[in-house]
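Asker: Take any residue in the sequence shown, count from 1 to its spot, add 165: that is its number in this note's numbering. Ideal Cβ positions, reconstructed from N, Cα and C, are used throughout, including at glycine.
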Amino acid sequence: YFSPADRMPLLEVVVSEKTAPSVTATCVAYGRRQGKTVIVVRDAAGFYTSRILAPYLNEAAWLVAEGVSVESVDRALVDFGYPIGPLALLDDIGIDVGYKVSRVLGDAFGERMQPPAGMRRLVEAGHLGRKSGRGFYVYDARSRRRVNASLYDLLDLPPSKQTSSTPIAERCVLQMLNEAARCLESGIVRSARDGDVGAVFGLGFPPFLGGPFRYADTLGASKLVERLEHFAAEYGERFRPAAILCDLAQRDQNFYKNASNNG
Numbered sequence: 166y167f168s169p170a171d172r173m174p175l176l177e178v179v180v181s182e183k184t185a186p187s188v189t190a191t192c193v194a195y196g197r198r199q200g201k202t203v204i205v206v207r208d209a210a211g212f213y214t215s216r217i218l219a220p221y222l223n224e225a226a227w228l229v230a231e232g233v234s235v236e237s238v239d240r241a242l243v244d245f246g247y248p249i250g251p252l253a254l255l256d257d258i259g260i261d262v263g264y265k266v267s268r269v270l271g272d273a274f275g276e277r278m279q280p281p282a283g284m285r286r287l288v289e290a291g292h293l294g295r296k297s298g299r300g301f302y303v304y305d306a307r308s309r310r311r312v313n314a315s316l317y318d319l320l321d322l323p324p325s326k327q328t329s330s331t332p333i334a335e336r337c338v339l340q341m342l343n344e345a346a347r348c349l350e351s352g353i354v355r356s357a358r359d360g361d362v363g364a365v366f367g368l369g370f371p372p373f374l375g376g377p378f379r380y381a382d383t384l385g386a387s388k389l390v391e392r393l394e395h396f397a398a399e400y401g402e403r404f405r406p407a408a409i410l411c412d413l414a415q416r417d418q419n420f421y422k423n424a425s426n427n428g
């Protein structure tokens, strides 16, 4: 279930190699009777939604560490179509929680999942987000937020780097798309459709774009690989394109026309 469970429509049913098909079917049926949209995912660190959310949130934090302002990052992703910016979302989740999850995923999947050091500094300073009254934003008694101006001094990185909204959103979104592709490649999700349903209903991926796999098909695998390699050359291995994307680009195919990924 996703918090708040009474409002979030998605249910991830997590199965292992030892889960009997009848058990899976019962759980799916029960979730549907509750009015949930159900996807089945394989048991692994982060399952599906948390795994693709982490690099998206981390990239937003990396942008701040480079000197991009908090408001510029969040505005870019809201303009892209998300209901809330990634840094405001991190504040709601808890920066300490996001940091711990990224560290766990980093242990499981390597450097690409590691958060920037600045997140640890925020946690150590007690800037945990909404629950502590201060994170990327400061919250008043009515939970209204404004940018936490002291954050830049704490990180020794005053916001000075100016960049258009397109590369800000692109960097964050491509991280989510790339990790979603890896999840399909390794069988965490059973189909591109399930991956899209999970991202739209569980994470607020812009529904008019269809989900990460549908959006990847809109961009085209070749273009996606080209952009990921461009960012990898500048920012490192966390942007290295998933093998399945490189394969689709080489064969000039996409997720939804490739029946084995379609579900």
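What does the Cβ neighbour count give for His-395, buried or exposed, with the cut at 16 atoms within 10 Å?
Answerer: Numbered from its first residue, the sequence shown carries residue 395 at position 230. Exposed is the call here.
Asker: Roughly how many whole angstroms lie between the Cα atoms of Leu-384 and Arg-240?
Answerer: Here residue 384 refers to the residue found at position 219 when the sequence shown is read from its first residue. Here residue 240 refers to the residue found at position 75 when the sequence shown is read from its first residue. If I take the Cα positions, the gap works out to 22 Å.
Asker: In terms of residue numbering, what span does the beta strand (DSSP E) encompassing Leu-374 cover?
Answerer: Counted from its first residue, the sequence shown places residue 374 at position 209. Run containing Leu-374: none; DSSP gives neither H nor E here.
Asker: Between Leu-218, Ala-357, Phe-366, which has its C-alpha nearest Arg-277's C-alpha?
Answerer: In the sequence shown, counting from the first residue as 1, residue 277 sits at position 112. With distances taken between Cα atoms, Arg-277 lies closest to Leu-218.
Asker: Of the choices Arg-336, Tyr-317, Val-205, whose alpha-carbon is the least far from that of Val-188?
Answerer: The sequence position of residue 188 within the sequence shown is 23, counting from 1. Ranking Arg-336, Tyr-317, Val-205 by Cα distance to Val-188 puts Val-205 first.
Asker: Three-state secondary structure (DSSP) at Gly-294?
Answerer: For the purposes of this step, residue 294 is taken as residue 129 along the sequence shown, with counting starting at 1. Note: Gly-294 maps to strand in three-state DSSP.
Asker: Who does Ile-204 pair with in a DSSP beta bridge?
Answerer: Translated into positions along the sequence shown, residue 204 becomes position 39. BP columns for Ile-204 point to Glu-177.
Asker: Kindly list the residues whose CB is nearer than 6 Å to the CB of Ala-346, restricted to its own chain and excluding five residues on each side of it in sequence; keep chain order.
Answerer: Position 181 of the sequence shown, counted from the start, is the residue given in the question as residue 346. Within the same chain, Ala-346 has close Cβ partners Ala-407, Ile-409, Leu-410.
Asker: Which one of Leu-287, Gln-340, Ser-356, Ala-314 has the shortest CA to CA distance from Phe-370?
Answerer: Counting from one through the sequence shown, the residue named residue 370 turns up at place 205. When each option's Cα is compared against that of Phe-370, the closest is Gln-340.
Asker: Whole angstroms is fine: what's the gap from Asn-313's alpha carbon to Leu-320's?
Answerer: Here residue 313 is taken as the residue at index 148 of the sequence shown, counted from 1. Here residue 320 is taken as the residue at index 155 of the sequence shown, counted from 1. In a straight line, the C-alpha of Asn-313 is about 12 Å away from that of Leu-320.
Asker: Where in the segment 183 to 250 do unbroken runs of the beta strand (DSSP E), each at least 3 residues long, occur, reported from the N-terminal end onward?
Answerer: The segment 183 to 250 contains these whole beta strand (DSSP E) runs: 202 to 207.
Asker: Under the three-state reduction of DSSP, which class applies to Arg-311: helix, strand or coil?
Answerer: The count along the sequence shown starts at 1 and reaches residue 311 at position 146. Strand at Arg-311.
Asker: Consult DSSP for Tyr-166 and reduce its assignment to one of helix, strand or coil.
Answerer: Position 1 of the sequence shown, counting from 1, holds the residue named residue 166. In the structure shown, Tyr-166 sits in coil (DSSP, three-state: anything other than H, G, I, E or B).
Asker: For a test of the three-state rule: what should DSSP assign to Arg-355, helix, strand or coil?
Answerer: Locating residue 355 in the sequence shown gives position 190, where the first residue counts as 1. Coil at Arg-355, not helix or strand.
Asker: Since Pro-280 and Tyr-264 should fall inside the 8 Å C-beta cutoff, what is the C-beta to C-beta distance between them, to a whole number of angstroms?
Answerer: On the sequence shown, residue 280 is found 115 positions in, with the first residue counted as 1. On the sequence shown, residue 264 is found 99 positions in, with the first residue counted as 1. The beta carbons of Pro-280 and Tyr-264 sit about 6 Å from each other, so the pair counts as a contact at 8 Å.
Asker: Could you tell me if Ala-253 is buried or exposed, where buried requires 16 or more neighbouring beta carbons within 10 angstroms of its beta carbon?
Answerer: On the sequence shown, residue 253 is found 88 positions in, with the first residue counted as 1. That one is buried.
Asker: For Tyr-302, report the span of its beta strand (DSSP E) as first-last.
Answerer: To locate residue 302, count along the sequence shown from 1; it is residue 137. Per DSSP, Tyr-302 is one residue of the beta strand (DSSP E) stretching across 302 to 304.
Asker: Looking only at its chain, what residues have a beta carbon closer than 6 Å to the beta carbon of Val-365, apart from the 5 residues adjacent to it on each side?
Answerer: Indexing the sequence shown from 1 puts residue 365 at position 200. These residues qualify, in order along the chain: Pro-372, Gly-376.
Asker: Mind checking whether Ala-386 and Ala-414 have CB atoms under 8 Å apart?
Answerer: Indexing the sequence shown from 1 puts residue 386 at position 221. Indexing the sequence shown from 1 puts residue 414 at position 249. Yes, the pair counts as a contact, with Cβ atoms nearer than the cut-off.
Asker: Got a sec? Which residues, its chain only, sit under 7 Å from Ser-297 by beta carbon, not counting five neighbours each side?
Answerer: As a position in the sequence shown, residue 297 is number 132, starting the count at 1. Taken in chain order, the residues that qualify are Gly-291.
Asker: Let's test the definition: count the other Cβ atoms within 10 Å of the Cβ of Arg-379 and tell me whether it reaches 16, buried, or not, exposed.
Answerer: Looking up residue 379 in the sequence shown gives position 214. Classification of Arg-379: buried, given that the 10 Å Cβ count is 16 or more.
Asker: By Cβ distance below 7 Å, which residues in the same chain neighbour Gly-259 in space, the five residues on each side in sequence not counted?
Answerer: As a working note, residue 259 is residue 94 in the sequence shown. Around Gly-259: Leu-293, Gly-294, Lys-296.
Asker: Alpha carbon to alpha carbon, how far is Met-284 from Ala-226? Give it in angstroms, no decimals.
Answerer: Counting from one through the sequence shown, the residue named residue 226 turns up at place 61. Counting from one through the sequence shown, the residue named residue 284 turns up at place 119. Computed Cα separation, rounded: 7 Å.
Asker: What does the Cβ neighbour count give for Tyr-213, buried or exposed, with the cut at 16 atoms within 10 Å?
Answerer: Start at 1 with the first residue of the sequence shown, and residue 213 comes out as number 48. So Tyr-213 counts as buried.
Asker: What is the rounded straight-line gap between the Cα of Ala-424 and the Cα of Arg-172?
Answerer: Residue numbering aside, residue 424 sits at position 259 when the sequence shown is read from its first letter. Residue numbering aside, residue 172 sits at position 7 when the sequence shown is read from its first letter. Confidence is the limiting factor: at Ala-424 the pLDDT is only 49, short of 50, which leaves the residue's position unreliable, though a coordinate-based value still follows. Within the model, the alpha-carbon separation for Ala-424 versus Arg-172 is close to 33 Å.
Asker: For a test of the three-state rule: what should DSSP assign to Arg-130, helix, strand or coil?
Answerer: Residue 130 falls outside the range modelled here, since the chain spans only 166 to 428, and no answer is possible.
Asker: If contacts are defined as beta-carbon pairs under 8 Å, then Asp-382 and Asn-343 qualify, I think. What distance do you get, rounded to the angstrom?
Answerer: In the sequence shown, counting from the first residue as 1, residue 382 sits at position 217. In the sequence shown, counting from the first residue as 1, residue 343 sits at position 178. Asp-382 to Asn-343, Cβ: 14 Å. No contact.
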